[in-house]
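Sequence positions in the sequence shown follow my numbering and run 14 to 386.
Let me begin by presenting the structure, written as structure tokens, before commenting on it.
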Amino acid sequence: MTILFPETASEPTTAEDLLSIRDLNIEFFARGAWTRVVSDAALNLKTGGSLALVGESGSGKTVTSLSILKLLPKQISRVSKGTINFAGTDLLNATESRMRQIRGGEIGMIFQEPMTSLNPVFTVGDQIAETVRQHRKVSRKEAWARAVEVLDLVGIPAAARRAKDYPHSFSGGMRQRAMIAMAISCEPKLLLADEPTTALDVTVQASVLQLLRRLQDELGMAVLLVTHDLGVVADFCDDVTVMYAGEPVEVAPVDDLFGRPAHPYSAGLLRSLPQRTPPGQELTAIRGMVPQPDQLPPGCRFAPRCDFALEGVCDVEHPELVKLGNGQLTRCIRIANGDLTTSQLVAAPAGTPAAHDLSITATDVAEQNGSDR
Ligand SMILES: Nc1ncnc2c1ncn2[C@@H]1O[C@H](COP(=O)(O)OP(=O)(O)OP(=O)(O)O)[C@@H](O)[C@H]1O
Ligand SMILES: [Mg+2]
14 MTILFPETAS EPTTAEDLLS IRDLNIEFFA RGAWTRVVSD AALNLKTGGS LALVGESGSG
74 KTVTSLSILK LLPKQISRVS KGTINFAGTD LLNATESRMR QIRGGEIGMI FQEPMTSLNP
134 VFTVGDQIAE TVRQHRKVSR KEAWARAVEV LDLVGIPAAA RRAKDYPHSF SGGMRQRAMI
194 AMAISCEPKL LLADEPTTAL DVTVQASVLQ LLRRLQDELG MAVLLVTHDL GVVADFCDDV
254 TVMYAGEPVE VAPVDDLFGR PAHPYSAGLL RSLPQRTPPG QELTAIRGMV PQPDQLPPGC
314 RFAPRCDFAL EGVCDVEHPE LVKLGNGQLT RCIRIANGDL TTSQLVAAPA GTPAAHDLSI
374 TATDVAEQNG SDR
């Protein structure tokens, strides 16, 4: 494996990039000090493309996506370094009035818990129509018609009638669909979806994801999907950025990530996929926990949990994100210098049942999820 160049965070943005984040640091003020919770985050999302931001709880996924919309709490957080460029706009330096145009207009948002975003005292149709009127010069009647149209588009039966209902009379899955309808009502170029299906049961999850995929195709919008579930990623995304302890550790097309993960953390996430675990066998969890942002280890942040960590190497030097010969990015020193191969990561560790080798593809997982990827 060859390293093309050691620093990729400063790789140039191409014309087809819709969203590009570079060298982003985010800090929170807690217990009298600023602590960095996101370090050197970088991502590229093409027009109409789909990118997943994956990682365990606390890895910085939500904070990174909120920073795109400048929705981080102002008093206690700050972006201390980096750039966020969206369709030619430098978001970090954009005015609040420009951000109001972008939020809900050019960038739609869906959050994990729809009831926090739907207002219980207004009808679902009124709330969608209000969003439309904020961003488009249309009459009340036209805005209402658009609300009914998008509710129909997301599969709410009898949309014209249900638009007059209040959110509490919708089921969880229907509320999530209503949220999606609101998010796409102004035909955004980008949809930010933070754990859009986590609160839903498995069958509803699958249908909501299928809906998102269909809308993405039909509307040509790009999607940034935040999730801790690699199974969801297999279904949905072209590319994946794996976050660990506030920084990206691997960036790859989804098929490469499943076929030849280039970071021990990604391999660990794949190994813990329920789809790969034979019935009756316990899931293989990654041992240990994500470190707190103010207690990061000095070398590789994953080293204390890594079965492949070398003493005196991985626990000493903090690795850079480097580009491998096939274009995959990794933050593993051993993979980058060729001392550890992706096949070694993919092979089952000694003592693990054979069924735990990682020879499962993204398509296999998507099929097991009931998707036609
Ligand atoms: N309001 C806040 N004040 C202080 N620290 C915060 C705040 N919000 C987030 N953080 C810290 O930022 C880090 C990243 O949090 P974030 O919510 O982005 O994680 P996440 O990857 O989205 O996790 P999850 O999968 O649980 O949603 C965590 O260490 C978290 O404690
Ligand atoms: Mg989150």
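Even for Gly, the Cβ is constructed at its ideal location relative to N, Cα and C.
### Message
Less than 6 Å between C-beta atoms, sequence neighbours within five positions excluded: which residues of the same chain meet that for Asn98?
### Response
For the purposes of this step, residue 98 is taken as residue 85 along the sequence shown, with counting starting at 1. Setting aside the 5 residues that flank it on each side, Asn98 is surrounded in the same chain by Ser33, each with a C-beta closer than 6 Å to its C-beta; the list follows chain order.
### Task
Take Ala196 and list the residues in its own chain whose beta-carbon comes closer than 7 Å to its own, dropping the five residues that flank it on each side.
As a position in the sequence shown, residue 196 is number 183, starting the count at 1. The residues are Gly121, Met122, Ile123, Leu204.
### Query
In three-state terms, what does DSSP make of Ser285?
Within the sequence shown, the letter at position 272 stands for residue 285. Reduced to three states, the DSSP call for Ser285 is coil.
#### Entry: Of the residues Leu309, Ala247, Ile346, the one placed nearest Gly71, counting alpha carbons only
Working through the sequence shown from its first residue, we reach residue 71 at position 58. Answer by Cα proximity: Leu309.
### Pocket of ligand 2 (residues with CB nearer than 7 Å to any heavy atom), chain order
In chain order, the residues with a C-beta atom nearer than 7 Å to some heavy atom of ligand 2 are Lys74, Thr75, Asp207, Glu208, Val239.
### Task
Just mark Arg284 as buried or exposed, buried being the case when its beta carbon has 16 or more other beta carbons within 10 Å.
What you label residue 284 is simply residue 271 of the sequence shown in a count that begins at 1. Looking at its Cβ environment, which holds 16 or more other Cβ atoms inside 10 Å, Arg284 is buried.
### Thr15 - DSSP class collapsed to helix/strand/coil
The sequence position of residue 15 within the sequence shown is 2, counting from 1. Only weak support is given to the placement of Thr15: the predicted model assigns it a pLDDT of 34, under 50, and the value that follows is read from those uncertain coordinates. Shown here, Thr15 sits in coil according to DSSP, grouped into three states, outside any helix or strand.
### Task
Determine the direct distance from the alpha carbon of Ala65 to that of Ala322, and round the result to whole angstroms.
Within the sequence shown, residue 322 is the residue found at index 309, counting from 1. Within the sequence shown, residue 65 is the residue found at index 52, counting from 1. Whole-angstrom Cα-Cα distance: 26 Å.
### Task
Helix, strand or coil for Val236, going by three-state DSSP, please let me know.
Residue numbering aside, residue 236 sits at position 223 when the sequence shown is read from its first letter. Reduced to three states, the DSSP call for Val236 is strand.
### Query
Shortest alpha-carbon distance to Ile193 belongs to which of Val50, Asp320, Ile169?
Locating residue 193 in the sequence shown gives position 180, counting from the first residue. Its Cα nearest to that of Ile193, the residue Ile169 stands out among Val50, Asp320, Ile169.
### Message
For ligand 1, is there any heavy atom lying closer than 8 Å to the beta carbon of Thr96?
### Response
In the sequence shown, the residue the question calls residue 96 occupies position 83. It does not: the Cβ of Thr96 is nowhere closer than 8 Å to a heavy atom of ligand 1.
### Task
Compute every distance between the C-beta of Ser285 and the non-hydrogen atoms of ligand 1, then say whether any falls below 8 Å.
On the sequence shown, residue 285 is found 272 positions in, with the first residue counted as 1. The closest heavy atom of ligand 1 lies 8 Å or more from the beta carbon of Ser285.
### Query
Does the region 83-93 come close enough to the region 159-178 to have 3 or more Cβ pairs within less than 8 Å?
Two segments are said to touch when three or more pairs of C-beta atoms, one from each, lie closer than 8 Å; by this definition the region 83-93 does not touch the region 159-178.
#### Entry: Distance CB(Ala258)-CB(Val303) smaller than 9 Å
For the purposes of this step, residue 258 is identified with residue 245 of the sequence shown, where counting begins at 1. For the purposes of this step, residue 303 is identified with residue 290 of the sequence shown, where counting begins at 1. Cβ atoms of Ala258 and Val303: closer than 9 Å.
### Task
Answer with buried or exposed for Phe315, where buried requires no fewer than 16 other C-beta atoms within 10 angstroms of its C-beta.
Along the sequence shown, one-based indexing puts residue 315 at 302. Its Cβ being crowded by 16 or more others within 10 Å, Phe315 is buried.
### Query
Buried or exposed: Pro133, going by 16 or more other Cβ atoms within 10 Å of its Cβ?
In the sequence shown, the residue the question calls residue 133 occupies position 120. The residue is exposed, with fewer than 16 neighbouring Cβ atoms inside 10 Å.
### Query
Cα-Cα, which of Gln341, Glu200, Pro209, Val236 is closest to Pro266?
Here residue 266 refers to the residue found at position 253 when the sequence shown is read from its first residue. Residue Gln341 is the option with its Cα nearest to Pro266.
### Task
Report buried or exposed for Lys336, applying the criterion of at least 16 other Cβ atoms within 10 angstroms of its Cβ.
Start at 1 with the first residue of the sequence shown, and residue 336 comes out as number 323. Burial call: buried.
### Query
Hey, Cys327 and Arg347: beta-carbon distance below 9 Å or not?
What you label residue 327 is simply residue 314 of the sequence shown in a count that begins at 1. What you label residue 347 is simply residue 334 of the sequence shown in a count that begins at 1. Judged by their CB atoms, Cys327 and Arg347 are nearer to each other than the 9 Å cut-off.
### Task
Label Ser184 either buried or exposed according to how many other C-beta atoms from any shown protein chain fall within 10 Å of its C-beta, with 16 as the threshold for buried.
Along the sequence shown, one-based indexing puts residue 184 at 171. Ser184 counts as exposed, since fewer than 16 other beta carbons sit within 10 angstroms of its beta carbon.
### Task
Could you tell me if the beta carbon of Ser279 falls within a distance shorter than 8 Å of some heavy atom in ligand 1?
Residue numbering aside, residue 279 sits at position 266 when the sequence shown is read from its first letter. Ser279 has its CB no nearer than 8 Å to any heavy atom of ligand 1.
### Query
Can Arg318 and Glu333 be called in contact, C-beta distance under 9 Å?
By one-based count along the sequence shown, residue 318 stands at place 305. By one-based count along the sequence shown, residue 333 stands at place 320. Taking a C-beta distance under 9 Å as the contact criterion, Arg318 and Glu333 do not qualify as a contact pair.
#### Entry: Through-space distance from Pro277 to Ala176, alpha-carbon basis
Your numbering for residue 176 matches position 163 in the sequence shown. Your numbering for residue 277 matches position 264 in the sequence shown. If I take the Cα positions, the gap works out to 48 Å.
### Query
Quick one, are the C-beta atoms of Gly68 and Val255 less than 9 Å apart?
For the purposes of this step, residue 68 is taken as residue 55 along the sequence shown, with counting starting at 1. For the purposes of this step, residue 255 is taken as residue 242 along the sequence shown, with counting starting at 1. Contact flag set, yes.
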